[in-house]
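Notes follow the structure.
Number of protein chains: 2
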Amino acid sequence: MNFQEEVQKFIQEHFQNTLPTIALDLVIFGFHENQLKVLLLRWKGGDYWMLPGGRVYKKEDVDDAATRILRERTKLEMLFLQQFHVFGKLNRSSYFSAQETYKLLGIENLYSPDFRDVSVGYYALVEYTKVNPVADNFSDECRWWSIDELPCLLFDHNDIIRVALKTLRRQLSYQPVGYNLLPEIFSMTDLQSLYETILGRQLDRRNFYKQMMTYGILELSESSPKIASRKTPYLYRFKKERYEQLLDDEELTIG
Amino acid sequence: MNFQEEVQKFIQEHFQNTLPTIALDLVIFGFHENQLKVLLLRWKGGDYWMLPGGRVYKKEDVDDAATRILRERTKLEMLFLQQFHVFGKLNRSSYFSAQETYKLLGIENLYSPDFRDVSVGYYALVEYTKVNPVADNFSDECRWWSIDELPCLLFDHNDIIRVALKTLRRQLSYQPVGYNLLPEIFSMTDLQSLYETILGRQLDRRNFYKQMMTYGILELSESSPKIASRKTPYLYRFKKERYEQLLDDEELTIG
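Residue numbers (this note's numbering), protein chains in the order written: chain A, 53 to 307; chain B, 53 to 307.
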């Protein structure tokens, strides 16, 4: 069975077991070296990139399907995952037409002008160092891309990332987002740098410190120096219970 | 053709022309006598209430379908309409099982345990006095209900309203919401009262005034008194362009 036949067989079987018309796309954010990154897949045998995604089994909650797909690509449990937008345009191709896309993917025989998927977008926040990105059956590669250097993605996936980033920025104002993106122990400078990277602008150091303390989600780590200096700053960890209470209040999902 | 046959015929035809598995539900908010209200439909021949909703035609954008459904129920153009959440649980029945629901609706012969809809929730803000609620083919009545006095709705529609209200409350903090819910001319007290009703708590009068002025979206109406008193307060109108610019920045839909 060649690749095209294999894809065709998989897709036909998978479509029989999953809901029609609905696909999920996942924007998985990580933070490394002061850059915000997303996980992308490269389709087998080409140089075309796309978001990880999947479909919903007939007897599966939509949110559970998103959690499952996220686990498959990251091999992590306990992840921050949130539904953020439905992408429901009739034409969801930004750079290539639907027909061109099928051709680029080497599956033009599967193309039908009547086929249509509405995509439910989810975004996830994961700790960069803990993730071992896993390609799926149809990808040669799964790796991090800096959001400032994204290639032209298939379908409307650049749009999906843009809206996910906008949502993340907006949520920073009423929600502590750092917990899932930072290592367990971090300095206030690390945390501020994360916020600045997401927001794309500088923040005032004293106001930032005050805002974080108001949330009541930080405590000094036992490995923190007793007296801080520029070279050995105070080290913090998140108070998990308080953080999760804040998440609950906003009804966020921890997978 | 009796009612049940008519419903069956309509549903079968409608399903052939629309996307499978996806339904839309609309939470249409209005504001009247210091109460936040939502539009509900009463199914023909019974006392069971639900949200207005519909399906997406095969060649129609999902957002366009929501706009169309909103127009059909309110007969208004130019409405504030925003997608807010996907309700994708396998079991979307809060008070009655799916089978019971079909029975209550008098369409038990249409029930199938394999049928499933994922609902995309939209909320709309409309000016109460301008709306003439229109029932659909399968409803005896379409009318306003105060959100404090909702009956037990069919499916998961109480949940959908709860999440819509939560979204509306959250958006108040970064967005001027009053434009679509108030009449053209209003006092600062009217506007504050709207905010207090949505938030479910009292606000400080001076801070509220300051915040509204910071948005830069209000101007004095020509019908405002030159010097205000308690009985004849200043009257404002929204600056439409500035308001829409703020909407654009947050990518909201005006249908």
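Every residue, glycine too, gets a C-beta built ideally from N, C-alpha and C.
Here the structure is a predicted model, which means the values were calculated and not measured.
Endpoints, beta strand (DSSP E) assigned at residue i
i	result
K89/B	Q87 to W95
F83/A	I74 to H84
V108/B	Unbroken run through V108/B: none, as it is neither H nor E.
A176/A	V170 to L177
V138/A	F132 to F139
R44/A	Residue coverage of chain A in this structure runs from 53 to 307, which leaves residue 44/A outside it and unanswerable.
Y163/A	Y163/A -> no beta strand (DSSP E), and no H or E assigned at all.
Y288/B	L287 to F290
C194/B	S191 to S198
E271/B	L270 to L272
Contact check, residue i vs residue j, beta carbons under 8 angstroms
i	j	result
L251/A	L270/A	no
Q87/A	S198/A	yes
V108/B	T153/B	no
G140/A	D242/B	no
V186/B	G82/B	no
F136/A	V215/A	yes
G105/A	A75/A	yes
S281/B	I237/B	no
N232/B	L91/B	no
S239/B	Y180/B	no
L142/B	E129/A	no
G230/B	L246/B	yes
L202/B	I213/B	yes
V183/B	T249/B	no
V172/B	V138/A	yes
P72/A	P72/B	yes
W196/A	K61/A	no
7 angstroms CB neighbourhood of residue i in its chain, flanking five on each side removed
i	result
E303/B	Reliability fails at E303/B, whose pLDDT of 38 lies under 50, so the model's placement of it is uncertain and no value is given.
K96/A	F55, F190, S191 and D192
V59/A	I159 and F190
Q254/A	E248
Residues near residue i by beta carbon distance below 6 angstroms, same chain, minus five either side
i	result
R144/A	F207 and D208
F260/B	Q244
M102/A	L93, L205, L206 and H209
K291/A	I269 and E271
L156/A	Y100
Y147/A	C204
Q151/B	Y163
D200/A	none
D77/A	L103, G105, S171, G173 and I212
Extent of the continuous alpha helix (DSSP H) to which residue i belongs
i	result
L156/A	A150 to L156
F55/A	F55 to N69
R257/B	R257 to Y267
S245/B	M240 to L251
R125/A	V114 to T126
Cβ shell of residue i (< 8 angstroms), same chain only, five flanking positions each side left out
i	result
T284/A	P277
Y288/B	I237, F238, S239, M240, L243, L270, E271, L272, S273 and S276
H66/A	R107
V170/B	T73, I74, A75, V138, F139 and G140
N161/A	Q56 and Q60
Q68/A	none
D188/B	L93, P104, E124, R125 and C194
Item to complete: Compile a chain-ordered list of the residues in the segment 62 to 75 of chain A whose CB is closer than 9 angstroms to at least one CB of chain B.
Response: L71, P72, T73 and I74
Worksheet item: Using a Cβ cut-off of 9 angstroms, which residues of the segment 161 to 185 of chain A contact any Cβ in chain B, in chain order?
Response: D166, R168, V170 and V172
Worksheet item: Taking any Cβ of chain A, which residues in the segment 103 to 116 of chain B have a Cβ under 9 angstroms from it, in chain order?
Response: V108, K110, K111, E112, D113, V114, D115 and D116
Worksheet entry | Under 9 angstroms (Cβ pairs) to chain B, residues found in the segment 136 to 158 of chain A | H137, V138, F139, G140, K141, L142 and N143
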